């Protein structure tokens, strides 16, 4: 069965105990062999790890990071220009199509025949009168006589 | 001192947000050592640590608008670093970190440079190897708390902020990490 005060040892080493708990543990350690041993072991680990010498950042590291960032920014800028060009082209095509539709609707209106003029446009009155001694003139004279009957 | 540093960091961030790249360069120079050391301790070798550290600062550059002014810049950077290292370690390639040798499995470690003498260098290398070997045996989340506490010297509150967990969780993880480290060191002693 582990001593109940054992869980205080780790924060005690880290200086994270309040004054009351610290005093409580320190007086406990004088009488508890298990906790005293635990404290010694954790102190050794603490000394080993805190003696770790810091590593030096590799030579030229900041230069490489900044070069990398510039490269990303450049790529981002190129991508933006490319997308902008594509959008502009697409927009220009769309404008042309719309203008074409509008112009088309204006130009097509005069070609539509007016009501009532269909018969006139198709009647023979648009042709010049046929000479009386021509085949056409004779035919017309015969049909007019027939109509009068 | 901490408040002055925080104020300086916030001023640099404000300048950077207005497009001043030199402000980011200053942030990089100010924090690169701590971030690199964290990544080095988490990942175990200089190559991976440099890659991860680069990733950290690239992410910081791209996400600076997500930084909340009430937090401190270095805990924010540490958070990015821890998450980057945890994700890094999920890569299958990383399993090749443990290489077999005639003596058995060894952890690829790089030692601090600049030792003045061969004896000192040897001792330094021994200590460095011992530290890295013990850390390598820890699950990655426990390694993160131990490195932040024992090596970087952050308080429980700062660690909680970095990891976005409660202080109770930090205490629990540190305690578990130390229990694991005790077992690791015990096995090393038994092997000798």
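Protein chains in written order, with the working numbering: chain A, 1414 to 1562; chain B, 629 to 820. C-beta atoms are modelled at their ideal positions from N, C-alpha and C, and glycine is treated no differently. Quick caveat, the model's predicted, so the values are computed rather than measured.
| task | Just the C-alpha distance for residue 674 (chain B) and residue 1500 (chain A), rounded to the nearest angstrom, thanks. | result | 45 Å
Would residue 784 (chain B) pass as an interface residue toward chain A - the criterion being a Cβ-Cβ separation below 8 Å? yes
* Which residues mark the beginning and the end of the alpha helix (DSSP H) in which residue 667 (chain B) is found? -> 649-671
Residue 1504 (chain A) burial status per 10 Å Cβ neighbour count (16 or more: buried): Taking all protein chains in view, the Cβ of residue 1504 (chain A) is surrounded by fewer than 16 other Cβ atoms within 10 Å, so the residue is classified as exposed.
Exercise. When DSSP labels each residue in this structure, what does residue 1427 (chain A) get in the three-state scheme?
Worked result: Residue 1427 (chain A) falls in the coil class under three-state DSSP.
*Please list the partners that residue 686 (chain B) has in chain A, where partner means a Cβ-to-Cβ separation under 9 Å.*
Per Cβ cutoff of 9 Å: 1478, 1481, 1482 and 1485.
- Apart from the five residues just before and just after residue 765 (chain B), which ones in its own chain have a Cβ nearer than 6 Å to its Cβ? 812
Helix, strand or coil at residue 680 (chain B) [DSSP, three-state]
helix
**Pick from B:809, B:790 and B:797 that is closest to residue 1460 (chain A), judged by C-alpha positions** = Relative to residue 1460 (chain A), the option among B:809, B:790 and B:797 whose CA is nearest is B:809.
Task: residue 792 (chain B) versus residue 654 (chain B) - alpha carbon distance - done: 26 Å
Mind checking if residue 1420 (chain A) is an interface residue toward chain B, Cβ cutoff 8 Å exclusive?
yes
Test item: CB-CB of residue 1470 (chain A) and residue 683 (chain B) under 8 Å:
Taking 8 Å as the Cβ cut-off, residue 1470 (chain A) and residue 683 (chain B) do not qualify as a contacting pair.
Check your understanding: Three-state secondary structure (DSSP) at residue 1519 (chain A)?
Key -> helix
Exercise for the section: Determine the direct distance from the alpha carbon of residue 1497 (chain A) to that of residue 773 (chain B), and round the result to whole angstroms. Expected result: 47 Å
Check: Is the region 1418-1428 of chain A close to the region 796-810 of chain B, with three or more CB pairs under 8 Å?
Finding: yes
Between the alpha carbons of residue 1455 (chain A) and residue 650 (chain B), how many angstroms are there, rounded?
44 Å
Q. Are the beta-carbon atoms of residue 672 (chain B) and residue 754 (chain B) separated by less than 8 Å?
A. no
| field | Other residues of its chain near residue 704 (chain B): CB distance less than 6 Å, five sequence neighbours each side excluded | value | 695
Query raised in the report: So, helix, strand or coil for residue 639 (chain B), using DSSP?
Result: Looking at residue 639 (chain B) - three-state DSSP - the assignment turns out to be helix.
- Item | For residue 666 (chain B) and residue 785 (chain B), believed in contact at Cβ under 8 Å, the rounded distance | At roughly 18 Å, the Cβ-Cβ gap does not stay under 8 Å, so residue 785 (chain B) and residue 666 (chain B) are not in contact.
Classify residue 1495 (chain A): buried if its beta carbon has 16 or more other beta carbons within 10 angstroms, exposed otherwise. Counting every other CB atom within 10 Å of its CB across the protein chains shown gives residue 1495 (chain A) a total below 16, marking it as exposed.
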